[in-house]
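In the numbering used here, the protein residues as written are 468 to 632. Idealized CB from N, CA, C, for every residue including glycine.
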Amino acid sequence: DVLRDLADALRAYIVGQLLTMTVLAALTAAGLYILHVPYWLTFGIFTGLVAVVPFFGTLLSTTLPALFVLGGPGGGTRALYVLLLGVVIHLIEGNLVSPLVMSKKIDMPPVLTITAVLVIGKLLGPLGLVVALPILVTVMVIVRRILINRIERYDLPRPRGPQRE
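This is the structure in structure tokens:
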């Protein structure tokens, strides 16, 4: 049962990650289209794909279109706008879209997902950023299935909240 629940939770995580990548790709493509960047759709899709690698993917997907427009007319200003667009979109994705999608798909509070990424990223470095949420999903399934079921099965005393009269 635990392995089945773990497989279901990890499948939901992968679907959530794909959804987040799609939103990121769409926002980037739309922003680059508005800024009249050539190959805006290609850059948008590329941004969605490299989102799997949290820090370096973001850096590469923001810098590449900016370098591409640097040589054209008004290059410096346009490159700055493209960089600013990339920063804003990645901030929206990292702080709003990803935590909300993950909280819906894998039934975890956004604060817990953000905390897990920060803590595991600090402990394991760049690799920790990639594996933080799968580790969190695994731990949560184990906690829910084993510990909570044991508490319910043996009817252990539960902590009581404030008493109301």
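Check whether residue i and residue j have beta carbons under 8 Å apart
{"i": "G553", "j": "R545", "result": "no"}
{"i": "T489", "j": "I556", "result": "no"}
{"i": "L502", "j": "V517", "result": "no"}
{"i": "T605", "j": "L473", "result": "yes"}
{"i": "T580", "j": "L550", "result": "no"}
{"i": "I430", "j": "V598", "result": "As displayed, the chain neither begins before 468 nor continues past 632, which places residue 430 out of reach and without an answer."}
{"i": "V482", "j": "K589", "result": "no"}
{"i": "V584", "j": "V469", "result": "no"}
{"i": "P601", "j": "L477", "result": "yes"}
Extent of the continuous alpha helix (DSSP H) run through residue i
{"i": "A492", "result": "469–501"}
{"i": "Y548", "result": "542–559"}
{"i": "G511", "result": "507–516"}
Among the options, the one whose alpha carbon lies nearest that of residue i
{"i": "F510", "options": "F523, L531, V519", "result": "L531"}
{"i": "S570", "options": "R611, Y506, A479", "result": "A479"}
{"i": "V536", "options": "N562, L558, I559, W507", "result": "W507"}
{"i": "L633", "options": "T514, D468, L470", "result": "Look at the range of the chain in this structure, 468 to 632, and you will see that residue 633 is not part of it."}
{"i": "G524", "options": "A492, G541, G542", "result": "A492"}
{"i": "L547", "options": "E560, A533, I559, L558", "result": "A533"}
beta-carbon residue i near the ligand ATP non-hydrogen atom, thresh 7 Å
{"i": "L516", "result": "By its list of ligands, the structure shown contains no ligand whatsoever, and the ligand ATP lies outside what it can speak to."}
*With a floor of 4 residues, list each alpha helix (DSSP H) that falls wholly inside the segment 568–596, ordered by position along the chain.*
577–591
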